[in-house]
Amino acid sequence: MSTSKAQDTKILGSFFMFEKVFLILTYLYLATLFVAVVIAFAKRGALPKGLNILWIYFVLLILVEIAVDLSKWYFKIDMKYFLALYNVFGIIEYGFIAFLYYYSIATRRRSWVMISFCIYTIFVLVNMIFLSDHFTHNYTFIARCLVFIWLTLEYFWQLSQSQDIVKITKIPLFWISVGIFVFSMGSIFVQGLGSDIADKELAFAIYLLNPILNIYLYIMFIISFLCTQRNTGYSS
């Protein structure tokens, strides 16, 4: 019995430590996002089509994250009440990213982007209506990550086939694609594995990857906005 109590105390202590670290990382993520929106807005006139409107997406994301974080950490409102908000915002997020890649891949493949957006929107709405729980958000989030991985791989392949001589590190969308690819792969790992781990301390540690992945993603966005080379477009 004493061993069980000691284990419970250890898990509880780990949880409180996790909560503090997670909160610090969340603040760092929001700070990174704020820097990204400032730079994106300041350089919107010099950015190619698609990237020049991302500042709007960032502003919306900041508002959502602040509202959710204040409710979760300070008002102790259950996260289940925000699942619908996250799912609807997921459609908006995919719309911005789809628009970004729509002008950066071959014309003959652009219809795939629009079709994927329509399918994803229907998938989210159906899941929200018939499976309105925590797992619904996981399903829709993982589905969005999978589509993002496809978009980035499609872009990387076309970039490798381009006849233009250009330094890829000077292409804004290259940095964004690297960020989205790593973020999506990491998020699938966290969402898929974190909920199935019996070791609570290990599960806590894995979930710390969420804000870290977000920080990494928006650092990649910041780097992309600071590039001087416009995106390589495709017309065939």
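Here this note's numbering is used: the first residue of the sequence shown is 1363, the next is one more, and so on.
Beta carbons: idealized from backbone N, C-alpha and C, even for Gly.
DSSP-derived helix/strand/coil call for residue i
i            : result
residue 1368 : Here residue 1368 scores only 48 on pLDDT, less than 50, and its place in the model is too uncertain to base an answer on.
residue 1553 : helix
residue 1410 : coil
residue 1468 : coil
residue 1588 : coil
residue 1522 : helix
residue 1574 : helix
residue 1382 : helix
residue 1530 : helix
Residue i to residue j span [Cα, whole Å]
i            : j            : result
residue 1364 : residue 1385 : Low local confidence applies: a pLDDT of 49 at residue 1364 is under 50, so the model's placement there is unreliable, with the coordinate-based value given in what follows. Distance between the alpha carbons of residue 1364 and residue 1385 is about 32 Å.
residue 1540 : residue 1554 : 21 Å
residue 1427 : residue 1530 : 32 Å
residue 1488 : residue 1446 : 12 Å
residue 1585 : residue 1565 : 31 Å
residue 1538 : residue 1379 : 32 Å
residue 1398 : residue 1420 : 8 Å
residue 1463 : residue 1578 : 20 Å
residue 1410 : residue 1395 : 20 Å
residue 1448 : residue 1432 : 15 Å
residue 1567 : residue 1520 : 37 Å
residue 1570 : residue 1383 : 8 Å
residue 1581 : residue 1508 : 21 Å
residue 1388 : residue 1454 : 22 Å
residue 1461 : residue 1391 : 24 Å
residue 1491 : residue 1504 : 18 Å
C-beta contact flag for residue i and residue j at 8 Å
i            : j            : result
residue 1424 : residue 1587 : no
residue 1532 : residue 1589 : yes
residue 1514 : residue 1542 : yes
residue 1534 : residue 1413 : yes
residue 1506 : residue 1452 : yes
Residue span of the alpha helix (DSSP H) that contains residue i, given as start and end
i            : result
residue 1473 : 1472-1492
residue 1454 : 1445-1464
residue 1570 : Counting along the chain, residue 1570 falls outside any alpha helix (DSSP H), and DSSP gives it neither H nor E.
residue 1424 : 1416-1431
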